[in-house]
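This report refers to the structure that appears directly beneath it.
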């Protein structure tokens, strides 16, 4: 059996300032080359779990391994060559250009005080091209629209050239075309480079079309994980999202039609 | 397990509870019925007058306590990697086999799990004597919500933070709600029951 690229083992997570665990007893393995979509209502723990997988939050209980070693035993630079993470609301200093931001994704690969190598320059060029940011490369981030900024941050994560990408709502604030554009790019990156991707999404149809597996979080717990057609069903929508819905397949795609709020007696 | 004035629950009540729980497992996928949600009333600590009153979801205590604790813990620990839905479904299957006969349950115990810092727990720590009031209780009523008929039950409560009763209630609760923090188990021991069917408090005699 292959060692997972990332493996959360019964983790309990409590972000700073929180009095309670917001993720409770969650296990999740991510294997090379697979896309795992994290879905769940607001506040279900998706971002917290992604932060912990990205070594930004230490588990209160349980452990997270990257290729068989506790993530907290990896040196930060080594870990950053393994896993790139795009948070939900990334921030940076003012005045930085798109190209500078994307180039910062090469830091884990560079030695201190050395100029970027040919490989570094090529990685930045490719990431900028992949996200169609060529015309914006010299613009500062604060002059971009929300969607453009999101693509710039995604390009940074790509330039990091890691075998694992963690993306927290990469389609938030994007218009419909750019949402599908980003998802198509993620699918291509996954196919071309066998990059494992863990991505939080709100749209269940998008999750079903993109991911090999869907992990559903509900009130900080893993409700179910598996192939989209196995775990996205009407009972789940009632239990987790509190809605009566119809789930159907049309032209090979999953369609989710929300009908009404669920009967509260039936919702767990 | 009886002593210190503890008396068996009315058998009709215990049988009804077992029937009701079996029914909710089969028909409602375990969603609790109002018949398992009594009101707990206890004197307000430090006050000359007044009570603390709160509804709870209560449980029964199996006679084969440690075996059930072990089984429920195994269901949880072997299934949680698949997610809480798988654990829940297996928990329901286990409980369907559990609720068959009143003889399988401790005749004098009712339990619940509460936040350690709740006002009800504070009151029960100060005053063990309390009353459980079951508002929905009628063996002859087959409708889904039951008929209003109040059963008033005098009890003595212990607040547990460990031990075999605590473990049993903890693992039962964990099957359906996952791990919880800062919870205590309340172990109610039955002292006497009163039926309000006739407009007063008539002792319940089986």
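Chains as they are written, first to last, in the numbering used here: chain A, 1 to 268; chain B, 1001 to 1206. In this text, a Cβ means the ideal position worked out from N, Cα and C, and glycines have one as well. The structure presented is a predicted model; accordingly, all values stated were derived computationally and were not measured.
If you reduce the DSSP assignment to three classes, tell me which class residue i lands in.
i	result
residue 31 of chain A	coil
residue 127 of chain A	helix
residue 132 of chain A	coil
residue 1007 of chain B	coil
residue 109 of chain A	helix
residue 267 of chain A	Caution applies to residue 267 of chain A, whose pLDDT of 46 falls short of 50 and renders its modelled position unreliable; the value that the coordinates give is listed next. The answer is coil: DSSP assigns residue 267 of chain A none of H, G, I, E or B.
residue 211 of chain A	coil
residue 3 of chain A	coil
residue 1074 of chain B	helix
residue 257 of chain A	strand
residue 1035 of chain B	helix
residue 1063 of chain B	coil
residue 168 of chain A	strand
residue 93 of chain A	coil
residue 226 of chain A	strand
residue 1124 of chain B	helix
residue 87 of chain A	coil
residue 1116 of chain B	coil
residue 10 of chain A	strand
residue 19 of chain A	coil
residue 1151 of chain B	strand
residue 1099 of chain B	coil
residue 1091 of chain B	helix
residue 189 of chain A	helix
residue 114 of chain A	coil
residue 152 of chain A	helix
Can you check whether the C-beta of residue i is within less than 9 angstroms of a C-beta belonging to chain B?
i	result
residue 268 of chain A	At residue 268 of chain A the pLDDT is 43, less than 50, meaning the model places this residue with poor confidence; the figure from the coordinates comes in the next sentence. For residue 268 of chain A, the answer is yes, since a Cβ of chain B falls inside 9 angstroms of its Cβ.
residue 216 of chain A	yes
residue 24 of chain A	yes
residue 89 of chain A	no
residue 21 of chain A	yes
residue 12 of chain A	yes
Is there a Cβ from chain A that is less than 9 angstroms from the Cβ of residue i?
i	result
residue 1086 of chain B	yes
Closest to residue i by CA distance: which of the options is it?
i	options	result
residue 1062 of chain B	B:1191, B:1195 and B:1187	B:1187
residue 40 of chain A	A:237, A:253, A:252 and A:244	A:237
residue 123 of chain A	A:161, A:92 and A:88	A:161
residue 1050 of chain B	B:1203, B:1107, B:1123 and B:1021	B:1123
residue 108 of chain A	A:60, A:158 and A:144	A:158
residue 231 of chain A	B:1156, B:1151, B:1202 and B:1082	B:1082
residue 1024 of chain B	B:1096, B:1052 and B:1182	B:1096
residue 141 of chain A	A:111, A:113, A:90 and A:190	A:90
residue 105 of chain A	A:214, A:154, A:64 and A:259	A:154
residue 1066 of chain B	B:1195, B:1168 and B:1202	B:1168
residue 1057 of chain B	B:1114, B:1165 and B:1178	B:1114
residue 63 of chain A	A:172, A:44, A:23 and A:86	A:23
residue 1086 of chain B	B:1180, B:1176 and B:1007	B:1176
residue 1099 of chain B	B:1128, B:1059 and B:1074	B:1059
residue 190 of chain A	A:18, A:9, A:33 and A:12	A:33
residue 129 of chain A	A:78, A:247, A:167 and A:98	A:98
residue 192 of chain A	A:219, A:13, A:35 and A:28	A:35
residue 1054 of chain B	B:1195, B:1196, B:1130 and B:1181	B:1130
residue 18 of chain A	A:45, A:70, A:197 and A:263	A:45
residue 10 of chain A	A:221, A:164, A:195 and A:206	A:221
residue 84 of chain A	A:70, A:95 and A:66	A:66
residue 1010 of chain B	B:1183, B:1106, B:1184 and B:1181	B:1106
residue 1153 of chain B	B:1190, B:1031 and B:1015	B:1190
What does residue i touch in chain B if you count any residue whose Cβ is under 8 angstroms from its own?
i	result
residue 287 of chain A	Chain A is shown from 1 up to 268; residue 287 of chain A falls before or after that span and cannot be answered.
Task: Interface residues of the region 212-238 of chain A facing chain B [CB-CB below 9 angstroms] - done: 215, 216, 218, 219, 220, 221, 222, 223, 224, 225, 226, 231, 235 and 236
Task: Cβ-based contacts, 7 angstroms cut-off: residues of the region 1174-1194 of chain B near chain A - done: 1178, 1179 and 1181
- [ ] Quick one: which residues of the region 1066-1100 of chain B get their C-beta closer than 8 angstroms to a C-beta of chain A? List them in chain order.
- [x] Identification of residues in the region 1066-1100 of chain B having a C-beta nearer than 8 angstroms to some C-beta of chain A yields 1080, 1081, 1082, 1083, 1084, 1085, 1086 and 1088, given in sequence order.
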